[in-house]
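Enquirer: Quick one: the structure is below, and I'll ask about it shortly.
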Amino acid sequence: MTAIQNQTAALLLNRVGESERSGLVRDVAKSLNSRSSVADVSFAVALVQLKVDEDAKDFVTNHVLSIIQIGEQDRVVSLCSDHGWLRDKLLQRICSHISRLAITAQHDSSNWLAVPLATPILHELANGLDQAIGTLGAETIEQAIRSLTFVERLSNTELEDELADSLFRSCLILTGAAFRELATHASEVLSKLLHCKPDVLNKFESDLWSRIVQLVEGKNALNQTLGYSLWLRWILSGNCVDPKILKQDEYWDALISGLRRGDSERRKSSLQVLRASVEICTAEPSLASIITAQASSTASIESVRKQYIRFCTVFETIVLGRYLNQVQECEPDLDFLASTTSAVKPAFLFALLESALDQRMQEANRKWIGSWCLRSNLRTDEVDSFMTFLRSTLLPWATSGYLFTATLKQVDGHLKCEHGERLATYVSSALLNDGHMAKNFIGTIAATIRARQTNSFAYSTVYLVEGIGRALDTDGTLPIDPSHLEDIHSAASWIGLPEVARDHLLARTWKMCSIVQQRTTQASTDAFLSKAATEWNTLLSKADSLGPESSVQVEGSISALSLAPSKRDLNEQNAHQKCAELLGSLENLQIAQVEEHLDDIWSDLEYLEYPKGLLCAIPLIFLHPKLVAMASTAPSSFAEFIKSKAAALIELATSRSYMLPTLLETLRVAVLADHASAAHLGSDDLIAHVASNPPSATVDAQLETATIPVIQGISPELQAFSYKFYFGQPDGYGVAVLLDLVSRFRAIDSKLAPELFEKLLQRFLNQKTPPPTVSAWKKVLQLQVMLLCAEQHVPYTSLGEARKVLKDLHYVLSIEPLPRYRYLFEWMIARTYIHHPQLRSTIFEELSTKDHHGNPKFLASLMKIGVNIAKTESSTEDFALQLATVFVPLAASSKVVIRHEAQWQFAPLLDHARAKDWKSITQSSAFEALDGFIRSLERYDDPPKERTIDKFDPINDHNLTHLVEGPWWGLDNVEQRQTSRKDFVSLYERDDSNITIPTSCISLGNPLLPEEQTPSSKTQPPVDHERRMLQNIDNISRALGSGAADPDSVTIALQTKGAGYLSSSNLRKRHSNLLVVASLVDNPYNLGGLSRVSEIFGAGALYLPTPTVTSNKDFQSVSVASHLHIPLKALLAKDVENWLVQKKTEEGFKVVGIEQTDRSVLLGEEGCVLPEKCILVIGSEREGIPAMVLSLCDLLVEIPQIGITRSLNVQTAAGIVLCEYAKQFKRKM
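When you line the sequence shown up against the UniProt record's numbering, it's residues 1 to 1229, in that order.
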């Protein structure tokens, strides 16, 4: 086309005289306007090329510039490639325009620049205000953007040096523009100039570096990203970096800042810059020391290079990756980096760790990295870098409250805060291992405690101080400033500090002050130290005076030694005095006066907001045997008053477990002293309430409990400050009191046991079927109480009534899914058969069924019960023969559960028959053949775990010890054991020998043998982290020094994966107005997928038919831990309708269903606007959404399909709709 236009232009000029040619060319150029086509412009340019005329050039250039300004650069670029004069003219004009724009920005930086200049870059034009653009406006910005876009499109290799210099400096200014597109295009032009005009860098390298620093240090995320991107393009452009720049601390500080605080894009750029910078430094021996850690100055240059390359890979894996298993594989590398063997500067390690502990990282990864920091020996050879990391990153993470509450564990019978212990151990080890920075370390901790006074988690302070104290106990010469101790001591006076935590801070600080004072050689020691040391001696004297029955309510806490009682404390003391006075004058008061005093005390309790000390004392008053006896003979109103207060105390104890032992022990004493009071107090209702709502310690109470051993560990003399001192008897003691009292009900009142048994059983009978594996209302304690009640009811009832009880128990066993509960029901059923042998035929009636598929677990349980009965002394040979006969067909059942149970139970039955010499069984060849076959099976001699712990002897195992701590507790882990044999022993030792105690329905039993203990009580051996760390360091060191070509092959390959989810904090916020209801779905695979998509797209909560499905392996295989990061709530399918109505009417939610109906709207179409307050209902896999739920849907959506497949999987469909919701409401997050 160009050749034809040139020929046409030449022909036209040849037909015109020489004197007229210039005029013709100018006329054609002037005729160009907005309606001119590309061919018109190209023809005019061809004419000007053939007949040079400056005026015509200007006309054409102006017209082409107008084309550029309307955004049609494509039309111009092709012209410039064919006509060099036009390209030069345009570049000259455009570069001039960009320079004037840069001058304007330079002089009016407050309006133009998000990142102002430190000094003017366009030095010779710095005063050229006459060349400035003028006012700032949208049109001006748009013109500049289009001009820069055009320059980007051109090849700048032939750009004149003067223009290149001007353009380079102008774009340096504009990269800091406050306008996103302008800054971005200016950066692109700079990058192109670096590639096409490398000479320009020789002149302005220092200006480029200064601008990069300004950009990466700016507050605007965009400019920071542009700064690191420009830095990366510069260092990868092939141009040599001035060694003077590499030697600046600013260079490496900016690089570390990008790794530490950048988003994923900036971190990736920083890593690439680091790699390139390391290559430059290691290529020049004189620069290698810049990147080499001081402690490894003798390392070879090649080793340094390999270590940095490896560091970059580790950084990518930990910070930019997503998977915890990959992070864990980096442990050897982290151990090496943290050692002084590593040549990588510590600042880079701390940048990696700070990035890994960033709140935007996945919580599981943060926990692992943080825990590694606490157990490792972080290098401190560069103290400033370490202290910065400690102050700004490690301590803020390590003192987060959730880490303490999530690691409360029972260890050897004591509650322990594992994270707190790790923190204290870390602090202690760091101080002892690195004494040169101990003073700074302690000062940093003291400053952290002081700075977080109003927003501090009390127990983080406890363990930080404990760590310092343990270090000082080990090394009394540890340097510590008394002012730091004073800061720590002041924390004990904070308002709202829990009692035990406050006592710990005081005791530990006093001891530290005592140690420091003893080593002080000055004539006059610090006044604070002297006073604190005196307090420590006073505390030791107090501890020595405490007896085994001492309590904080009577003796006072540690803090009472130095802190004046508050007004609230005085009011509580007054209430205690009222209690003592009432008991002292009880026999001299009328009923009305007693009630008035009790009302007054109860009012004080409420006014003081239920303080712990008063709550523990109140039951001793309201349930005092004398008061209870008075209620038995007093007017009914007083009896009701006492009964109501007893119920109120039980209710209070539900959330305050420390009340339970005193409350139940007082109730037991009162009932045993006056049997008639059991009915007046409503003992069966009280017991039923506790059994159905067993009190459990709150998290705060558990943290206080875990702090008590820490106080005792301060000094051997402080052992008296035990759990009993602060809280009284342990919770398990209260449960033992309850079970013991229930075991004596028949002797107290024959009606109590049957009524309580029926009351608890009814709830199990009335539950909906099939019941979930775990129900919030079901408790082991309920069944333990039922078992004790049944033992006092079933033996004394008629055969007909016993048959009814047995029928009910059979029914509950047939539907109960949880192994522990099934075990206790089997126990009750077995005891019923023992008490009423006439009912044993029921076993054969049930086992003779031909339907092995209806309820195989129930039949398996009956087989086990049958064998247990056959092995009792009261059983007969005939019963055993019938049972063995029934087992033969069952051992060949097509149902695996039945077949296996029959085979497992048949062999013990035959063993018992041989021991009894029951010839009708032992001489049967069929029985012997089946027995021989079963014993030959591979698994017979190696039974699974549950076979060894669910064994039960209804005679020898029928005791309290087996009931509360038998191995059957290991059948599942839904609940922890609540009491133990030693609690019963303690109870019996405390019983008043002057009171006649009725006989229990069940014996205590002998202590369990070690092999019979609950499996869960065994602890894992500790991991030798120190040894493993040294081995890791040695392995990595050897590998990196072996000359291997690829540093990434040192250990297991570390996968890297970008982490785009880190790029914006908004992406991590959840849609609190988006709820996903999956209650109609029952497949664990699909529920796992729904958990995954709901979490990914930020749903506020996911409703499941039962949260326990999360333990299903099919669910977990799809959910990939997503259920740990989204709130899961229980909502049964039957309750969905009412729940939706409530949400719609009370909270204004709209309901959206995924369903293909006539009123469905296609997702993504204009009319499909999802409501912001949205409940997304997912239908079941087969039936979809039920009609009633459909009627409640405000909007039904369907997904457009192209293929012929009928529908999508529920999780896929839900993911598509959730993605659409996230897109529609992204800006509102």
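We treat Cβ as the ideally placed atom computed from N, Cα and C, and that holds for glycine.
Considering only residues of the same chain and omitting the five flanking positions on each side of I815, which have a CB-CB separation below 7 Å?
Expert: T769, P770 and P771
Enquirer: Decide if L937 is buried, meaning its Cβ has at least 16 other Cβ atoms within 10 Å, or exposed.
Expert: exposed
Enquirer: Which of helix, strand or coil does DSSP assign to K871?
Expert: Coil at K871, not helix or strand.
Enquirer: Output the distance between the C-alpha atoms of W112 and R100, rounded to the nearest integer angstrom.
Expert: In this model, W112 and R100 are separated by some 13 Å (Cα to Cα).
Enquirer: Out of R1027, F404, I1216 and D569, state which residue places its alpha-carbon closest to the alpha-carbon of I1154.
Expert: I1216
Enquirer: Leaving out five residues before and five after R366 in sequence, what residues of the same chain have Cβ atoms less than 6 Å from its Cβ?
Expert: L357
Enquirer: Verify whether the separation of the beta carbon atoms of V344 and Q307 is less than 8 Å.
Expert: yes
Enquirer: Between F879 and G854, what straight-line distance do the alpha-carbon atoms span, to the nearest angstrom?
Expert: 26 Å
Enquirer: Consult DSSP for N433 and reduce its assignment to one of helix, strand or coil.
Expert: helix
Enquirer: Between the alpha carbons of L1074 and V1210, how many angstroms are there, rounded?
Expert: 17 Å
Enquirer: For F641, tell me which candidate among D684, H675, D599 and T654 has the shortest Cα-Cα distance.
Expert: Of the listed residues, the one whose Cα sits closest to F641 is D599.
Enquirer: Please determine, among R360, I687, W368 and F311, the residue with the shortest C-alpha to C-alpha distance to L324.
Expert: W368
Enquirer: What residue range does the beta strand (DSSP E) around A1130 cover?
Expert: L1128 to A1130
Enquirer: Taking only runs that begin and end inside the segment 394-429, name each unbroken beta strand (DSSP E) of 3 or more residues, in chain order.
Expert: 408-411 and 414-417
Enquirer: Say whether the segment 211-224 touches the segment 249-266, bearing in mind that this needs 3 or more beta-carbon pairs closer than 8 Å, one atom from each stretch.
Expert: yes
Enquirer: Which term fits Y402, buried or exposed, when burial requires 16 or more other beta carbons within 10 angstroms of its beta carbon?
Expert: exposed
Enquirer: What residue range does the beta strand (DSSP E) around E331 cover?
Expert: That residue, E331, is in no beta strand (DSSP E); its alpha helix (DSSP H) goes E331 to L337.
Enquirer: Determine, using beta carbons only, whether F887 and Q905 come nearer to each other than 8 Å.
Expert: Cβ distance < 8 Å, so F887 and Q905 count as in contact.
Enquirer: Have a look at F179 and E152 and give me their C-alpha separation to the nearest angstrom.
Expert: 18 Å
Enquirer: Looking at A347: is its Cβ nearer than 8 Å to the Cβ of E382?
Expert: yes
Enquirer: I need the straight-line Cα distance from S257 to A351, nearest angstrom please.
Expert: 8 Å
Enquirer: Is V493 buried or exposed, if buried means 16 or more other CB atoms sit within 10 Å of its CB?
Expert: First, the amino acid is wrong: residue 493 is Ser here, not Val. Exposed, by the Cβ-count rule.
Enquirer: So, are the CB atoms of K1129 and I1175 less than 8 Å apart?
Expert: no
Enquirer: Look at the alpha carbon of F725 and the alpha carbon of S557, and state the distance between them as a whole number of angstroms.
Expert: So the alpha carbons of these two residues sit roughly 9 Å apart.
Enquirer: Cutting at 7 Å between CB atoms, please list the residues of its own chain near K1223, excluding the five before and the five after it.
Expert: none
Enquirer: Which runs of the alpha helix (DSSP H) fall wholly inside the segment 658-688 and span at least 4 residues, in chain order?
Expert: 660-673 and 677-680
Enquirer: Run through the DSSP bridge pairs and tell me what S1180 is partnered with.
Expert: Answer by DSSP bridge pairing, in chain order: G1184.
Enquirer: Is the CB of Q903 under 8 Å away from at least one CB in chain D?
Expert: Chain labels in this structure do not include chain D; a single protein chain is all it has.
Enquirer: Once the 5 residues before and after L1190 are set aside, which same chain residues still bring their CB inside 8 Å of it?
Expert: Within the same chain, and ignoring the five residues on either side of L1190 in sequence, the residues whose Cβ sits closer than 8 Å to its Cβ are G1153, E1155, T1157 and L1196.
Enquirer: How many whole angstroms separate the CB atoms of A790 and R831, which I take to be in contact at a CB cut-off of 8 Å?
Expert: 7 Å
Enquirer: Considering only residues of the segment 574-628, which uninterrupted alpha helix (DSSP H) runs meet the minimum length of 4 residues and lie entirely inside it, listed in chain order?
Expert: 591-607 and 612-622
Enquirer: Helix, strand or coil: how does DSSP classify K643 here?
Expert: In the structure shown, K643 falls within a helical segment according to DSSP collapsed to helix, strand and coil.
Enquirer: Classify G476 as helix, strand or coil using the three-state DSSP reduction.
Expert: coil
Enquirer: Here's a check: name, in chain order, each residue in its chain whose Cβ is nearer than 6 Å to the Cβ of A364, leaving out the five neighbours to either side.
Expert: L324
Enquirer: I'd like to check one pair, I834 with L813: are the Cβ atoms closer than 8 Å?
Expert: A distance of 8 Å or more separates the beta carbons of L813 and I834.
Enquirer: How is E1198 classed by DSSP in three states: helix, strand or coil?
Expert: strand
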